[in-house]
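If you count the sequence shown from 1, position 56 lands on 110 in the numbering used here, and the numbers rise without skipping. C-beta atoms are modelled at their ideal positions from N, C-alpha and C, and glycine is treated no differently.
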Amino acid sequence: MRLSFFRRALVPAVAATLLLAPSPALAAPPPPFRDPALPLAVRIDDLLSRLTADEKISLLHQYQPAIPRLGIGVFKTGTEALHGVAWSTDYDNSGAVVKADGTVFPQAIGLASTWDPALVKQVGAAVGQEARGFNARNPTLWGLNLWAPVVNLLRDPRWGRNEEGYSEDPYLTGEFAIAYGRGMQGDDPRYLQAAPTLKHFLAYNNEVNRDTTSSSVPPKILHDYDEQAFKIPLQAGAANAVMPSYNLVNGRPNHVSPDLDGKLRQWAPQDIAVVSDAGAPSNLVNSEKYYATKAEGDAAAIKAGLDSFTDNDTDGSITVAAVKEALNKGLLTMADVENADRHLLSLRFRLGEFDPPGRNPYAKITPAVIGSPEHRALARKTAAEQMVLLRNNGGALPLDAARNKKIAVVGPLSDTLYEDWYAGAMQYKVTPLQGIKERLGSAGTVASSEGVDRIALKDLSTGRYLTAPATTGKVTAGGTVAGTAESFDVYDWGAGKNTLRAAANGKFLSYSGGALVNDVDQPAGWFVQQQLKLDAQPDGSYVLEYAGNEVNEPWFGPNKFAVVGADGVLTISAPDAAHATKFGRDVLTSGVGSAVAAAKDADTAVVVVGSMPFINGREANDRTSTELAPAQRALIEAVRKANPHTVVVVENSYPTTGWDTLPVPGILWTSHAGQETGHAVADVLFGDKDPGGRLTQTWYASDAGLPSILDYDIAKTGMTYQYYRGKPLFPFGYGLSYTSFRYANVRTSQADGKIRVSVDVTNTGARSGSDVVQLYSKNAGVQRLRDFSKLTLAPKETRTVRFEVPVADLATWDVSRERSVVAAGVYEFSVGRNAAELSAPRPVFVPGERALPRDLSRPTQAQNFDDYSGTTLTDTSKVSGTSVAGVAGSWVAYRNVALTGPARFSASVSATASSHVTVRLDSPTGRVLGTAPVSSTGDRYAYATVTAALAKATGRHDVYLTFDGPVNVATFSLR
55 MRLSFFRRAL
65 VPAVAATLLL
75 APSPALAAPP
85 PPFRDPALPL
95 AVRIDDLLSR
105 LTADEKISLL
115 HQYQPAIPRL
125 GIGVFKTGTE
135 ALHGVAWSTD
145 YDNSGAVVKA
155 DGTVFPQAIG
165 LASTWDPALV
175 KQVGAAVGQE
185 ARGFNARNPT
195 LWGLNLWAPV
205 VNLLRDPRWG
215 RNEEGYSEDP
225 YLTGEFAIAY
235 GRGMQGDDPR
245 YLQAAPTLKH
255 FLAYNNEVNR
265 DTTSSSVPPK
275 ILHDYDEQAF
285 KIPLQAGAAN
295 AVMPSYNLVN
305 GRPNHVSPDL
315 DGKLRQWAPQ
325 DIAVVSDAGA
335 PSNLVNSEKY
345 YATKAEGDAA
355 AIKAGLDSFT
365 DNDTDGSITV
375 AAVKEALNKG
385 LLTMADVENA
395 DRHLLSLRFR
405 LGEFDPPGRN
415 PYAKITPAVI
425 GSPEHRALAR
435 KTAAEQMVLL
445 RNNGGALPLD
455 AARNKKIAVV
465 GPLSDTLYED
475 WYAGAMQYKV
485 TPLQGIKERL
495 GSAGTVASSE
505 GVDRIALKDL
515 STGRYLTAPA
525 TTGKVTAGGT
535 VAGTAESFDV
545 YDWGAGKNTL
555 RAAANGKFLS
565 YSGGALVNDV
575 DQPAGWFVQQ
585 QLKLDAQPDG
595 SYVLEYAGNE
605 VNEPWFGPNK
615 FAVVGADGVL
625 TISAPDAAHA
635 TKFGRDVLTS
645 GVGSAVAAAK
655 DADTAVVVVG
665 SMPFINGREA
675 NDRTSTELAP
685 AQRALIEAVR
695 KANPHTVVVV
705 ENSYPTTGWD
715 TLPVPGILWT
725 SHAGQETGHA
735 VADVLFGDKD
745 PGGRLTQTWY
755 ASDAGLPSIL
765 DYDIAKTGMT
775 YQYYRGKPLF
785 PFGYGLSYTS
795 FRYANVRTSQ
805 ADGKIRVSVD
815 VTNTGARSGS
825 DVVQLYSKNA
835 GVQRLRDFSK
845 LTLAPKETRT
855 VRFEVPVADL
865 ATWDVSRERS
875 VVAAGVYEFS
885 VGRNAAELSA
895 PRPVFVPGER
905 ALPRDLSRPT
915 QAQNFDDYSG
925 TTLTDTSKVS
935 GTSVAGVAGS
945 WVAYRNVALT
955 GPARFSASVS
965 ATASSHVTVR
975 LDSPTGRVLG
985 TAPVSSTGDR
995 YAYATVTAAL
1005 AKATGRHDVY
1015 LTFDGPVNVA
1025 TFSLR
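Here it is in structure tokens:
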């Protein structure tokens, strides 16, 4: 009864409630910003209208906080994804780095060495899919704004971050940035799979003092070279964000460059965000001292076009406080803040964050895609395609498995794979040794040796050996005999840098809390605390010196040398060798001897050498030498002497020198190519894959003639294949195949604003093979890659390769007109296998714009010179403008000037001391037309006008401005 009564009472009540509740059809509609039917701009406007001032400001930091009242979650810019999802920083753990465990593809330099954009687009797509998979796993940790690709041009092989770039050529770099970027973005017309970010704008190729050095780049090099690497992918819509670089360009920090909101956004067909590099906003005040306060610096960056501040790890409060101070002082307006927010929100909308479930196809991707079998297969294919055959004398390669039943695989990289700074954690590793063993199978045998010394270090004062525990722990001096616990493998990476691996547990020694502990699987970390030096002393003993990168920091202190304390613990506690513990270095096993023993009876010896990607070349560390590590050279020489049929696999991140004096018949180059390196090495060595890779930068014969790494004028220094006139070790575009090719019947034509070039390519060998057909143009002495085509041909097959070059693409910067111009004249087109082996040039006359005499009667930007000596370029103001900075003995020249008897020289100058600007004709010591005295203007940004009467001169001349002291010249005229 009671139950029946309850039911009778409940039914009318529920009915009444239902009558009062709104029906689904009458439910409140979602706010406009959540309506995907509305235009993007309308949705962004609506969302901004709902945000408070504090909320708008909070979006400017890398870690954008949640706004619960609007149902908006956290958002973080920046997941590293250079050649696979690599790592991110943890919002919940003060920005600690968390490595991804996805598919690791070849380094960026390797990806470009495939010369196969379609393949690299597949790689980009796989990376974008895995980024979605990680985001599905943990959306707070794994953001979808990916910080890749790096498009800085590889103008100098000593740059520490060489591995991160694609090429020394802007066109090739642009093509691979498009491929990788579009792959990450996905093909949906509305939604982004991920949002790639181009790094690092602009003219950034040195790690030494990278946050305080200024790259002095003349306008022609800036427009024709450095900017092109960004312009090409941006114009193609292949990037959704750009990151400025730490350095200054022409005196102005890149994080306040007017080009951020200017050129970059003009080039891009859709809205892009500009995100700072880590800590760079604070550098404006701290290291660069460009602004006095953070409020001034942050305000200037926002006004220049910076949207997101990667500063102070996860703590956005410092940026928020600075922006609020800037608003209060009138340095910023809320409109400036909203403008930055629009760019950032545009990313979030296109990633589908604010759309209803079920509409975004990429939201369906799950963590199951991470490391999928398809991605593993793609990693193997890409690793093989990027390998470059540098030498193949006497048909040393490919190896015939039937004739090579016994192979020796030796060298310090033969049985290991190293992760680099921008690599994720490999799910598995196939080393070259493992790959070759698997390829041979039971049909052959493989002997191996890492070719490194195994040593014991004896404290000469006590006779006791350094000992490492079997698990992990501090190294002590306690051993009385040299057993396993006292044994250490020494890896000599050159430049005095060594790493020691404890035989006790197979882990490398690291600096930790003042002591050395055996605790890591590979050298890694920001400071690479596994770097040690074994310094030989005059008395034959050795001292152990710590060489981690932080020893160069002022806070590290003077102690760098190892001492065995009274408790037997080895600590880094002495300031010099004189106060360090002296050791005897007992060689228990000779690395060279072991390698020779393995190689001498083998059918073929494969020596695997190269770099440890955290040492002697990586972010924050430029290389001081391009030479192959001497210990590795000695190993190759010894193995080659023991077995003439020796081939070398070079696994590194950059060009090396010295190969011309190593008489090995075969050399195969690979980048650090990720988890499938070993399979790919075997695939190529045994001819299952043709070596289809080609070099994307010049390998110089020596570093002896290279200019300062801080000199960015590649035309004046003769760097890259465009300007280098020497004989390189291996030219740009170089790479051999296992077959041979013939190029014939190069034909050219011109119509409809395009130049067409065709060539017949024949595989003249007895096996299928791939080649990269390269098209170059030459005008005014400058060679440029215009197009390329990778093709695979069967034996005796001929194929016609056709290229089409828009005449507009021949434009170069004209300093006199201050714009890009297609110059009228003859352009020579050549086809070949690399920049040094080309067909006879085919001349094509292009009816472009004729060179005109310069008119200096109008105000002329001083930076638009044709030649210079001793000057640099600097900022005219902190907001805009570039001036010539002269010093005593320096000059600038302006060619082919039409003079009609100008009477007066006038210039806008700044100076902090007195000097003179002298106008001369035809040479730096030529006839003097006039001299203008310059007095101190009191400040480098305070400009004044100086004048001088001119002697009469008419006709065509080269005009020189010479300087006898420090002076900045913004503009000048001769009237």
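Worksheet item: Going by alpha carbons, who is nearest to residue 299 out of 308, 292 and 114?
Response: 308
Fill in: Among 114, 846 and 935, the one whose alpha carbon lies nearest that of residue 398
114
Fill in: Nearest residue (CA-CA) to residue 557, options 582, 529, 549 and 895
529
Discussion item. Rounding to the nearest angstrom, what Cα-Cα distance links residue 898 and residue 992 in this structure?
Written reply: 55 Å
Discussion item. Less than 8 Å between the beta carbons of residue 880 and residue 807, yes or no?
Written reply: no
Practice prompt. Answer yes if the stretch 601 to 617 comes into contact with the stretch 646 to 657, meaning at least three C-beta pairs across the two stretches below 8 Å, and no otherwise.
Written response: no
Fill in: In DSSP terms, what residue 1009 is bridged to
953
Discussion item. When you compare the CB positions of residue 846 and residue 819, do they come within less than 8 Å of one another, or not?
Written reply: no
Fill in: Whole-number beta carbon distance between residue 910 and residue 1027, since they are thought to touch under 8 Å
6 Å
Worksheet entry | 8 Å contact criterion, which residue 972 and residue 982 should meet: CB distance rounded | 6 Å
Discussion item. My assumption, with CB atoms under 8 Å, is that residue 642 sits in contact with residue 509. Please give the rounded CB distance.
Written reply: 6 Å
Worksheet item: So what's residue 134 in DSSP terms, helix, strand or just coil?
Response: strand
Discussion item. For a test of the three-state rule: what should DSSP assign to residue 264, helix, strand or coil?
Written reply: coil
Worksheet item: residue 175: buried (16+ other C-beta within 10 angstroms of its C-beta) or exposed?
Response: buried
Worksheet item: Could you give the C-beta distance for residue 815 and residue 795, rounded to a whole number, given that I count them as a contact under 8 Å?
Response: 6 Å
Discussion item. Just to confirm the assignment: which complete beta strand (DSSP E) runs, minimum length 3, are found wholly within the stretch 478 to 557?
Written reply: 499 to 503, 507 to 513, 518 to 521, 530 to 533, 542 to 546 and 552 to 556
Worksheet item: Hey, how far is the Cα of residue 83 from the Cα of residue 151?
Response: 41 Å
Item to complete: Determine the direct distance from the alpha carbon of residue 957 to that of residue 872, and round the result to whole angstroms.
Response: 25 Å
Worksheet entry | Cβ neighbours of residue 368 in the same chain (closer than 7 Å, five flanking residues each side left out) | 117, 145, 148 and 149
Worksheet item: By how many angstroms is the C-alpha of residue 940 removed from the C-alpha of residue 401?
Response: 44 Å
Worksheet item: residue 621: buried (16+ other C-beta within 10 angstroms of its C-beta) or exposed?
Response: exposed
Discussion item. By the DSSP assignment, the beta strand (DSSP E) with residue 615 in it spans what residues?
Written reply: 615 to 618
Practice prompt. Hey, could you find the ends of the beta strand (DSSP E) residue 828 is sitting in?
Written response: 823 to 833
Practice prompt. Closer than 6 Å by C-beta to residue 277: which residues in its own chain qualify, once you throw out the five before and the five after it? Chain order, please.
Written response: 867
Item to complete: Please name the residue, chosen from 403, 288 and 106, that lies closest to residue 391 on a Cα-to-Cα basis.
Response: 106
Worksheet item: Residues bridged to residue 773 by DSSP?
Response: The partner list for residue 773 (beta bridge, DSSP) is empty, contrary to what the question assumes.
Item to complete: Give the DSSP bridge partners of residue 599, in chain order.
Response: 587 and 615
Worksheet item: Looking at the structure shown, is residue 336 part of a helix, part of a strand, or coil, going by DSSP?
Response: helix
Discussion item. Among the candidates 492, 1011 and 933, whose CA atom is the shortest distance from the CA of residue 357?
Written reply: 933
Worksheet item: Which one of 905, 877 and 793 has the shortest CA to CA distance from residue 851?
Response: 793
Practice prompt. Could you pull out every residue in the same chain whose Cβ sits closer than 7 Å to the Cβ of residue 914, ignoring the five residues on either side in sequence?
Written response: 1025, 1026 and 1027
Practice prompt. Any chance you could list the alpha helix (DSSP H) runs of at least 4 consecutive residues sitting entirely within the stretch 677 to 747, in chain order?
Written response: 684 to 696 and 731 to 739
Worksheet item: Taking C-alpha atoms, which residue in 370, 274, 171 and 346 lies nearest to residue 129?
Response: 370
Worksheet item: With burial defined as no fewer than 16 other Cβ atoms inside 10 Å of the residue's Cβ, what is the status of residue 723: buried or exposed?
Response: buried
Worksheet entry | residue 992 - containing beta strand (DSSP E), residue span | It is not in any beta strand (DSSP E) - residue 992 carries neither H nor E in the DSSP assignment.
Worksheet item: If you drop the 5 nearest sequence neighbours on each side, which residues of the same chain put their C-beta closer than 7 Å to that of residue 470?
Response: 485
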